[in-house]
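Chemist: Following my numbering, the numbering of the sequence shown begins with 1 at its first residue and continues without gaps. Glycine included, every Cβ here is placed at the ideal spot set by N, Cα and C. Below are the structure tokens for one structure; questions will follow.
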Amino acid sequence: MMTIQPPSILKPVLVLASASVLLALMHLAASFLVPVLLSIFFATLLTPIYSWLKKKRLPKFLALVLSIGLLLLIAFFLLLLVGRSVTALTSSLDGYQDQFSQRQAELAAQVEALNSGADLMPLLSIVDPQALAGTLRFTLSTVAGILKNGLIILMLTIFLLVEAPLFKARMSQTFGAESSVTQNVLSVARIMINYFGLRAVVNLVNAVVTGLMLWLFGIEYAGLWAVLIFFLSFIPYIGAIVSMIPPILLAFAQSGLGLAVLVGLLAVVINAASENVLQPMVMGISLKVSPTAVFLSTMLWVFILGGPGAFLAMPLTMALILFMRNYAETRGLAALLVTVPEPQPELAPEELLLKH
């Protein structure tokens, strides 16, 4: 008589144990890994530009030189704009903290003058200016840390762009052109380049329009907030919201509740137009990673890599899901992180994460 053996849990346990050890090692090596991972991410964003230039029948060398030139121009712009803004804002935080407290008191006095009987002070006291200043200092220190490693990140990105055309040939030579390792790695690389390259276009439009809006309303450091919006918008669902918190609070400190509400509403409108109108036009696809997975993965990567983990959360999570999807032992775990209801072997990797 044939007996049905229960499925072994040894392999999933070993996979989870190995993953835990790997994440612990990544946490210990965060100071080394962060510049490397950021370089890979920036090279991923620039690869579509390099490919587009080659399609325009430019020689490969010239296309590479133009791509590197664009990278140097962007790096100089970020260093000049963001570096100066971070330094100035850090030195002004105490003043903004005092302004914020003053606006809180004015708002409470205005409500009390209306004889409405409402006491806003308990509600307003929940928003602690010192805690907000501490959070902003953490954000600024994260940006400053990235800028401090800017030269290393820049050089690594250039080397990755130079080596990228040889990557496929080296993978084929090492593992074989038809091996599962080669096919899986190249598939993941293709999906990541396509998605994040197009996503960068959407984020750029969103950041520029929002930055102009902040500048027109006189919100200080509008350029810094635009850069923050660009990078945090790579985090679906929550990134754009989080990126608008500092300028809204700054608007409240500068001019009061009216301007803060107006800035917040316009930011929501701009982001909604970017996500629901521009993204389908530019990309034709949207992400299938569940909101819960996005939120938890962002927390996890920030814990492991520090502040830069917020920028790297989605690239790392998407790569992890795609690799897990390619192996039977981890396919079930991958299915838990996406919005499709169950693992479906007939789905191609790009169909698992992206929907038309």
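Check whether the Cβ atoms of residue 30 and residue 305 sit closer than 8 angstroms, and answer yes or no.
Modeler: Yes, these two residues count as a Cβ contact at 8 angstroms.
Chemist: Mind checking whether residue 315 and residue 41 have CB atoms under 8 angstroms apart?
Modeler: For residue 315 and residue 41, yes; Cβs fall inside 8 angstroms.
Chemist: Work out the CA separation of residue 173 and residue 239 for me, nearest whole Å.
Modeler: Roughly 40 angstroms between the two C-alpha positions.
Chemist: Quick one: what's got a C-beta closer than 8 angstroms to residue 71's C-beta in the same chain, skipping five residues either side?
Modeler: Here the set comprises 42, 46, 154, 157, 158 and 161.
Chemist: According to the neighbour-count rule (16 or more other Cβ atoms, all chains shown, within 10 Å of its Cβ), is residue 299 buried or exposed?
Modeler: When all chains shown are included, residue 299 counts as exposed.
Chemist: Have a look at residue 103 and residue 254 and give me their C-alpha separation to the nearest angstrom.
Modeler: Residue 103 and residue 254: Cα-Cα distance of roughly 9 angstroms.
Chemist: Around the Cβ of residue 203, are there at least 16 other Cβ atoms within 10 angstroms (buried) or fewer (exposed)?
Modeler: With 16 or more other Cβ atoms within 10 Å, it is buried.
Chemist: Out of 27, 10, 166 and 96, which one is the CA nearest neighbour of residue 60?
Modeler: It is 166 whose Cα lies nearest to the Cα of residue 60.
Chemist: Using the Cβ count rule (16 or more neighbours within 10 Å means buried), how would you classify residue 220?
Modeler: Label assigned to residue 220: buried.
Chemist: Quick one, are the C-beta atoms of residue 137 and residue 93 less than 8 angstroms apart?
Modeler: Yes; because the gap between Cβ atoms is below 8 angstroms, this pair is in contact.
Chemist: Would you mind reading off the limits of the alpha helix (DSSP H) that contains residue 149?
Modeler: That residue, residue 149, is in no alpha helix (DSSP H); it is neither H nor E in DSSP.
Chemist: Look at the Cβ atom of residue 290, then the Cβ atom of residue 338, and state whether they are nearer than 8 angstroms.
Modeler: Against a cut-off of 8 angstroms, the Cβ pair of residue 338 and residue 290 comes out as a contact.
Chemist: Can you tell me the Cα-Cα spacing of residue 260 and residue 268, whole angstroms?
Modeler: So the alpha carbons of these two residues sit roughly 12 angstroms apart.
Chemist: Relative to the alpha-carbon of residue 296, which residue among 265, 336, 278 and 257 has its alpha-carbon at the smallest distance?
Modeler: Considering only alpha carbons, the answer is 336.
Chemist: Pair every Cβ in the segment 186-203 with every Cβ in the segment 308-322, then say whether three or more of these pairs are closer than 8 angstroms.
Modeler: Result yes; three or more Cβ-Cβ pairs closer than 8 angstroms.
Chemist: How would you call residue 39, buried or exposed, if buried means at least 16 neighbouring beta carbons within 10 angstroms?
Modeler: Burial call: buried.
Chemist: Who does residue 338 pair with in a DSSP beta bridge?
Modeler: Bridge partners of residue 338: 289.
Chemist: In chain order, which alpha helix (DSSP H) runs of at least 4 residues are fully inside the segment 212-258?
Modeler: Segments of the alpha helix (DSSP H) lying fully in the segment 212-258: 222-232 and 239-255.
Chemist: Checking 8 angstroms against the spacing of the C-beta atoms, do residue 207 and residue 230 come in under that value?
Modeler: Against a cut-off of 8 angstroms, the Cβ pair of residue 230 and residue 207 comes out as a contact.
Chemist: Have a look at residue 34 and residue 313 and give me their C-alpha separation to the nearest angstrom.
Modeler: Spanning the two alpha carbons is a distance of roughly 12 angstroms.
Chemist: Please determine, among 257, 24 and 84, the residue with the shortest C-alpha to C-alpha distance to residue 148.
Modeler: Selected option, being the one with the closest Cα: 84.
Chemist: Return the CA-CA distance between residue 22 and residue 271, expressed in angstroms with no decimal places.
Modeler: Answer to the nearest angstrom: the Cα atoms are 36 angstroms apart.
Chemist: Could you say which of 277, 310 and 224 lies nearest to residue 77 if we only look at CA atoms?
Modeler: Checked all of 277, 310 and 224; the closest Cα to residue 77 is 224.
Chemist: For residue 292 and residue 302, I'd like the C-alpha separation in whole angstroms.
Modeler: Roughly 16 angstroms between the two C-alpha positions.
Chemist: Pop quiz: residue 234 and residue 311 are said to be a contact at Cβ under 8 angstroms. What is the actual Cβ separation, rounded to whole angstroms?
Modeler: Between residue 311 and residue 234 the Cβ distance is about 7 angstroms, and since that is below 8 angstroms, they are a contact.
Chemist: Would you tell me roughly how many angstroms separate the C-alpha atoms of residue 144 and residue 86, rounded to the nearest one?
Modeler: Answer to the nearest angstrom: the Cα atoms are 7 angstroms apart.
Chemist: If distances are taken between C-alpha atoms only, which option among 19, 48, 20 and 25 comes closest to residue 192?
Modeler: Among 19, 48, 20 and 25, the Cα nearest to that of residue 192 is on 48.
Chemist: Quick check on the DSSP output: the alpha helix (DSSP H) that includes residue 50 runs from which residue to which?
Modeler: 30-55 is the span of the alpha helix (DSSP H), which, as asked, contains residue 50.
Chemist: What is the DSSP secondary structure of residue 106, reduced to helix, strand or coil?
Modeler: Here residue 106 sits in helix by DSSP.
Chemist: Under a three-way DSSP split, which group does residue 326 fall into?
Modeler: Residue 326 falls in the coil class under three-state DSSP.
Chemist: Would you tell me roughly how many angstroms separate the C-alpha atoms of residue 140 and residue 75, rounded to the nearest one?
Modeler: Answer to the nearest angstrom: the Cα atoms are 18 angstroms apart.
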